[in-house]
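Respectively, the protein sequence lines represent chains L and B.
Using my numbering, the first residue of the first sequence is number 341, and each one after it goes up by one.
Using my numbering, the first residue of the second sequence is number 4, and each one after it goes up by one.
A virtual CB, placed ideally from N, CA and C, is assigned to each residue, including glycine.
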Amino acid sequence: MATKLKPTGDTGRKEIDSVVIRFAGDSGDGMQLTGTQFTQSTALMGNDLATFPDFPAEIRAPAGTTYGVSAFQINFASFDIMTPGDQPDVLVAMNPAALKVHLRDLTLGGTVIVNTGAFSDRNLQKAGYAANPLEDGTLEPYRALLIDISKLTLAAVEGTGVNQKEALRAKNLWTLGLLCWMYDRDRQPTIEWLKTRFAKQPDIADANIAALNAGHAYGETAELPSEISTYIVPKADVAPGTYRAVTGTESAAWGLLVGAKKAGLKLFFGSYPITPASPLLHILSNLRQYGVVTFQAEDEISAVCSALGASYAGAIGITSSSGPGIALKTEAIGLAFIAELPLVIVNSQRGGPSTGLPTKTEQSDLYQAVFGRNADSPLPVVASCTPGDCFDTAIEAVRLAVKYMTPVMFLTDGYLANAAEPWLIPNVDDYAEFPVEFATKVEGFHPYLRDEKTLARSWAVPGTPGLEHRIGGIEKSYDTGNISYEPDNHHKMTKVRAQKVLNIADDIPLQTVSEGKETGKLAVVGWGSTFGAIEQAVRRCRTAGLEVSHIHIRHIWPLPRNLGDLLAGFDKVLVPEMNNGQLVTLLRAQYLVPAEGLNQISGLPFKVSDLEREIRARLED
Amino acid sequence: MNVQSPPEKLKPADYASDQEVRWCPGCGDYAIVKGVQRTMAEMQADPAKTVFISGIGCAARFPYYMATYGFHTIHGRAPAIATGVKLTNPELDVWVIGGDGDMLSIGGNHTMHVVRRNIDLQVLLFNNEIYGLTKGQASPTSKVGTRSPSTPMGSVDAPVSACNFVLGCNGRFVARVVDTDQKLMPDVLIRAKAHKGTSFVEILQNCIVYNDGVYSGFTEKNNSADGQVKCEHGKPLIFGKDGNKGLRMKPGKMEIEVVTIGEDGVTEGDILVHDETNRPLAQLLSAMQPPHFPVAMGVIFCDPAATSYEEAVYEQIAKAAEASPPGELNALLRRGRTWTVDA
Numbered sequence: 341m342a343t344k345l346k347p348t349g350d351t352g353r354k355e356i357d358s359v360v361i362r363f364a365g366d367s368g369d370g371m372q373l374t375g376t377q378f379t380q381s382t383a384l385m386g387n388d389l390a391t392f393p394d395f396p397a398e399i400r401a402p403a404g405t406t407y408g409v410s411a412f413q414i415n416f417a418s419f420d421i422m423t424p425g426d427q428p429d430v431l432v433a434m435n436p437a438a439l440k441v442h443l444r445d446l447t448l449g450g451t452v453i454v455n456t457g458a459f460s461d462r463n464l465q466k467a468g469y470a471a472n473p474l475e476d477g478t479l480e481p482y483r484a485l486l487i488d489i490s491k492l493t494l495a496a497v498e499g500t501g502v503n504q505k506e507a508l509r510a511k512n513l514w515t516l517g518l519l520c521w522m523y524d525r526d527r528q529p530t531i532e533w534l535k536t537r538f539a540k541q542p543d544i545a546d547a548n549i550a551a552l553n554a555g556h557a558y559g560e561t562a563e564l565p566s567e568i569s570t571y572i573v574p575k576a577d578v579a580p581g582t583y584r585a586v587t588g589t590e591s592a593a594w595g596l597l598v599g600a601k602k603a604g605l606k607l608f609f610g611s612y613p614i615t616p617a618s619p620l621l622h623i624l625s626n627l628r629q630y631g632v633v634t635f636q637a638e639d640e641i642s643a644v645c646s647a648l649g650a651s652y653a654g655a656i657g658i659t660s661s662s663g664p665g666i667a668l669k670t671e672a673i674g675l676a677f678i679a680e681l682p683l684v685i686v687n688s689q690r691g692g693p694s695t696g697l698p699t700k701t702e703q704s705d706l707y708q709a710v711f712g713r714n715a716d717s718p719l720p721v722v723a724s725c726t727p728g729d730c731f732d733t734a735i736e737a738v739r740l741a742v743k744y745m746t747p748v749m750f751l752t753d754g755y756l757a758n759a760a761e762p763w764l765i766p767n768v769d770d771y772a773e774f775p776v777e778f779a780t781k782v783e784g785f786h787p788y789l790r791d792e793k794t795l796a797r798s799w800a801v802p803g804t805p806g807l808e809h810r811i812g813g814i815e816k817s818y819d820t821g822n823i824s825y826e827p828d829n830h831h832k833m834t835k836v837r838a839q840k841v842l843n844i845a846d847d848i849p850l851q852t853v854s855e856g857k858e859t860g861k862l863a864v865v866g867w868g869s870t871f872g873a874i875e876q877a878v879r880r881c882r883t884a885g886l887e888v889s890h891i892h893i894r895h896i897w898p899l900p901r902n903l904g905d906l907l908a909g910f911d912k913v914l915v916p917e918m919n920n921g922q923l924v925t926l927l928r929a930q931y932l933v934p935a936e937g938l939n940q941i942s943g944l945p946f947k948v949s950d951l952e953r954e955i956r957a958r959l960e961d
Numbered sequence: 004m005n006v007q008s009p010p011e012k013l014k015p016a017d018y019a020s021d022q023e024v025r026w027c028p029g030c031g032d033y034a035i036v037k038g039v040q041r042t043m044a045e046m047q048a049d050p051a052k053t054v055f056i057s058g059i060g061c062a063a064r065f066p067y068y069m070a071t072y073g074f075h076t077i078h079g080r081a082p083a084i085a086t087g088v089k090l091t092n093p094e095l096d097v098w099v100i101g102g103d104g105d106m107l108s109i110g111g112n113h114t115m116h117v118v119r120r121n122i123d124l125q126v127l128l129f130n131n132e133i134y135g136l137t138k139g140q141a142s143p144t145s146k147v148g149t150r151s152p153s154t155p156m157g158s159v160d161a162p163v164s165a166c167n168f169v170l171g172c173n174g175r176f177v178a179r180v181v182d183t184d185q186k187l188m189p190d191v192l193i194r195a196k197a198h199k200g201t202s203f204v205e206i207l208q209n210c211i212v213y214n215d216g217v218y219s220g221f222t223e224k225n226n227s228a229d230g231q232v233k234c235e236h237g238k239p240l241i242f243g244k245d246g247n248k249g250l251r252m253k254p255g256k257m258e259i260e261v262v263t264i265g266e267d268g269v270t271e272g273d274i275l276v277h278d279e280t281n282r283p284l285a286q287l288l289s290a291m292q293p294p295h296f297p298v299a300m301g302v303i304f305c306d307p308a309a310t311s312y313e314e315a316v317y318e319q320i321a322k323a324a325e326a327s328p329p330g331e332l333n334a335l336l337r338r339g340r341t342w343t344v345d346a
């Protein structure tokens, strides 16, 4: 990313409008923690930011290996940014393996900070280096800052009473201190965090704080090469209000809770641990004071079944998983569909199929969400586009589930779940209530009485006197709710259930164009977490005078009423997806438009520059 | 829908739904539904607060025939669905119904976990040692050598003992009864209902079409007295048509033997007294097989825990609310580090 450099008199700091930093090290080096703390400080400085944690599937892969490298990228700026950045301007490499994996991404002329203390012959060998890259000219195209961080950290923590192993572990804090100096970040939030985190191990807290301060002091006092500068990234010009940094998992958890409150229902969350969905279970498990019931089930099937049982008993049952787990839940989702009970299924998508790439992101479960059940069983599907947007999407999922008495698929992904962004904290009171009214009237009741407008069936919960009834997975009579094997009845019920879901199209906003005009040469159509990258690419192309628009779809099923007409207004439709072409198939099938897929299945988010190049290519034809 | 007028005493028939029962004529399930309805009347259970949850199979049609709340779900998953129901509304009285295929094969995992969690449910397993609804294949409780459409030369896999399995899962209430034993069934079901925690009842049920007579060696009029022993807490384990057979521990061994009082110097004082809180004893009693041993019936094991699962969950919820009062949701969203951008 281009950075404008200009010296700012007093401080000797150069003012730049944005920078991308990537922290990379061994899984055990604490890179995620370093990145998270740097993010917190940056958010408090008033910059706009986006982050991208990228870590291996193994908890502790063998130390020093390339596949054990863990990284955290942050892009922060004085303007509105939407992605974690294509290429880092600064790379922190804590060991040879980190350098080996990530140096190729660094912009030419970018800064690389290397912990030389980890460049032993053995580590070089483990990383697959035949020669020491610090000595053979590998770093020549970059501005390299070679520091024995290990040694300096050990010296810094001397006297705090921690052993050698604990002392060495503080080197990530030393590095954080140096970066805080370079980019003028406040260390105080990190110091406070360390004191709380290690309240019971004050020696460890002291060691980490000492390392943090030492890294900062090193920047202030060491005579660094003249090409290494210190910078100021001014505050971003963003909407006024109260902000916080939020990950998609946090905002989804809060959105589900707010949704339940808006519906006036107890929140029941049944889940089974799976990457990258587990943190949702953790966060909700810490909200018990709000009456949230969380249940760690014995398997994915029990997780969804317990949630369905909860809905049957009058709560909003919610279950969460990632693709392989959703597959296991499928039969129960079918039961929820035919029993016409509300249920929210959160899918934090990851690379697949099967175990695939558990810690990498992908959006390849759209088919599964829209089509992935036996028989005719369409479900509403909603997808969030940014970490903060998971809040709104979660509320919408709950609303649709209870209003239409149906399971709803809520798609997020590994990137949204883990990435953080500044979030203008909404006022919960601004969201409309949608209180559920359970059936209580005995006269004329049967469980499949339908609301004339929505076609939703009546919801009578156990405990209601006089409304005792039986439901289940066997087809029910449209007229009585009792078991029915009548051929015409099954035809009618299948149609009614599908129509009920289609009716939701009247209850969601019409499709808008998020960037550009409503007709033109090229529409770039996306969904989910690719929003930021596509939006930025389209904006850049439009700034360059290209006639391109961005359409972002939030309601995947049913699709907005006007989408077909909207797409017909463009000569070309390009659908970038982090899968092998799924939304594009749906759009082609629904609207017979010649939509073209643009597919990246690398487990990594799109780069803005790649999208920009592809858009230009379509317009040059 | 039947409208209840509470002051009037409900009769067994008041617990029967208006749906035509569709089991095969002579099926043991008829007797069970009758026994359950009779039990409901005896307890004067509130139909509005009673829920029957079933999986798939012949047994799983059960809820349709009860004038209570009912949910006929999917194969093997009734315990998991019932868990969600009970955790959402602990006021409900939740009964789980399934067969041997449902609860020990496809849903064996859920049976294990519902039992070990000890959530307050009554789990009734109708064991007929065969798959009925899918037309007669061998089940996980079929004896070795069972000839069926899927095992034409006889099954070669060893069966699981339902009661022993549940005891192994740390089950705290284990009972067994024969479908036709209408005298014992209400007693056992009332005890199951009274037990706080997961109560597991194995009901030996005759499948008249695919496995007729599988239990006839100890359930007929002429052999039941010799073929069964009724477990009653604090009473000697005596059985037999002459009331002179009994169980005792083989001296010096962890092994039960059948003895006759009055023979070989055996007196009533030698007979094992049933202790329903003794898990190793329950394992030995549950494992007894004909023809060398009587089949143990009644409450084999009952050792309630201080709290059931859902009680513990709600205790934590109350404790959490006390420790940090929930307050406004807006406050939750603003907890931790925030910053303000001025207009």
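Mind reading off the beta-carbon distance from Val302 (chain B) to Gln231 (chain B)? Whole number of angstroms is fine, and I expect it under 8 Å. With a Cβ gap of about 14 Å, Val302 (chain B) and Gln231 (chain B) do not count as contacting.
Take Gly937 (chain L) as the anchor and find which of L:Val924, L:Val948 and L:Pro787 has the nearest alpha-carbon. Comparing alpha-carbon positions, the option among L:Val924, L:Val948 and L:Pro787 lying closest to Gly937 (chain L) turns out to be L:Val924.
Helix or strand or just coil, what does DSSP make of Val801 (chain L)? coil
Is there a C-beta anywhere in chain B that falls below 7 Å from the one on Ala655 (chain L)? yes
At 7 Å on the CB atoms, spell out the chain L contacts of Thr71 (chain B), in chain order. Per Cβ cutoff of 7 Å: Glu808.
Please list the partners that Val598 (chain L) has in chain B, where partner means a Cβ-to-Cβ separation under 8 Å. Leu332
Can you check the stretch 771-844 of chain L for any alpha helix (DSSP H) of at least 4 residues that lies completely inside it and give the ranges in chain order? 827-842
Per DSSP, the bridge partner or partners of Trp763 (chain L): L:Arg584
Residue closest to Asp2 (chain B), alpha-carbon to alpha-carbon, out of B:Ser289, B:Asn247 and B:Lys52: One cannot answer for residue 2 (chain B) here, as it falls past the ends of chain B, which runs 4 to 346.
Consult DSSP for Asn503 (chain L) and reduce its assignment to one of helix, strand or coil. Assigned with DSSP and collapsed to three states, Asn503 (chain L) falls in coil, not helix or strand.
Of the choices L:Pro580, L:Thr423, L:Asn767 and L:Asn435, whose alpha-carbon is the least far from that of Gly411 (chain L)? First, the amino acid is wrong: residue 411 (chain L) is Ala here, not Gly. Of all alpha-carbon atoms in L:Pro580, L:Thr423, L:Asn767 and L:Asn435, the one lying nearest the alpha-carbon of Ala411 (chain L) is that of L:Asn435.
To the nearest angstrom, how far is the alpha carbon of Glu640 (chain L) from that of Pro682 (chain L)? 18 Å
Within the 7 Å Cβ cut-off, does Glu12 (chain B) reach chain L? Sequence inspection shows Lys at residue 12 (chain B); the Glu mentioned does not correspond to that position. Taking Cβ atoms only, chain L never reaches closer than 7 Å to Lys12 (chain B), which makes this a no.
Is Gly712 (chain L) close to chain B, meaning its C-beta is less than 7 Å from at least one C-beta of that chain? no
Tell me whether Ser57 (chain B), by its Cβ, gets closer than 6 Å to a heavy atom of the ligand FAD. The ligand FAD is not among the ligands present in this structure, which contains no ligands whatsoever.
Can you name the start and end residues of the alpha helix (DSSP H) that Gln47 (chain B) belongs to? Gln47 (chain B) -> no alpha helix (DSSP H), and no H or E assigned at all.
Of the listed residues L:Arg362, L:Asp429, L:Pro574 and L:Arg462, nearest to Leu384 (chain L) (C-alpha basis): L:Pro574
Taking DSSP as the reference, what is the three-state secondary structure of Pro396 (chain L)? coil
Kindly indicate if chain B contains any beta-carbon less than 7 Å away from that of Ile658 (chain L). no
Can a CB atom of chain B be found closer than 7 Å to the CB of Leu431 (chain L)? At a cut-off of 7 Å between beta carbons, Leu431 (chain L) makes no contact with chain B.
Could you compute how far the alpha carbon of Gly216 (chain B) sits from the alpha carbon of Cys210 (chain B)? 8 Å
At 3 residues or longer, what runs of the beta strand (DSSP E) sit wholly inside the stretch 631-691 of chain L? 633-636, 656-661 and 683-689
In chain L, which residues lie less than 8 Å from Lys52 (chain B) when you measure between Cβ atoms? Pro802 and Gly803
Is Ala592 (chain L) close to chain B, meaning its C-beta is less than 7 Å from at least one C-beta of that chain? Output row for Ala592 (chain L): interface = no.
Please return the same chain residues whose Cβ sits closer than 7 Å to the Cβ of Glu235 (chain B), not counting the five positions on each side in sequence. His277 and Gly301
What span of residues does the beta strand (DSSP E) with Phe416 (chain L) cover, start to end? Val409 to Ala417
Hey, Ile264 (chain B) and Gly249 (chain B) are a contact pair by Cβ (cut 8 Å); roughly how many whole angstroms apart? 6 Å
Using 7 Å as the limit for Cβ to Cβ distance, is Gly349 (chain L) near chain B? Because the pLDDT at Gly349 (chain L) is just 41, under 50, the model does not fix this residue reliably, and the value given afterwards should be weighed accordingly. No, its Cβ sits nowhere closer than 7 Å to a Cβ of chain B.
Under 8 Å by beta carbon: chain B residues contacting Ile811 (chain L): Gly73, Phe74 and His75
Quick check on Pro82 (chain B): does DSSP put it in helix, strand or coil? Three-state result, Pro82 (chain B): helix.
Can you tell me whether Thr733 (chain L) is buried or exposed? The criterion is at least 16 other CB atoms within 10 Å of its CB, across all chains shown. buried
In chain order, which continuous runs of the alpha helix (DSSP H) of length 4 or greater are located wholly inside the stretch 423-500 of chain L? Along the length of the stretch 423-500 of chain L, whole alpha helix (DSSP H) runs at least 4 residues long occupy 436-442, 461-466 and 489-497, reported in chain order.
Going by beta-carbon coordinates alone, are Tyr72 (chain B) and Met43 (chain B) separated by less than 7 Å? no
Could you name each continuous alpha helix (DSSP H) segment of 4 residues or more that falls completely within the stretch 287-329 of chain B, going from the start of the chain to the end? 312-326
Express the C-alpha separation of Tyr33 (chain B) and Ala838 (chain L) in angstroms, rounding to a whole number. 38 Å
At the level of alpha carbons, what is the spacing between Ser949 (chain L) and Cys881 (chain L)? 10 Å
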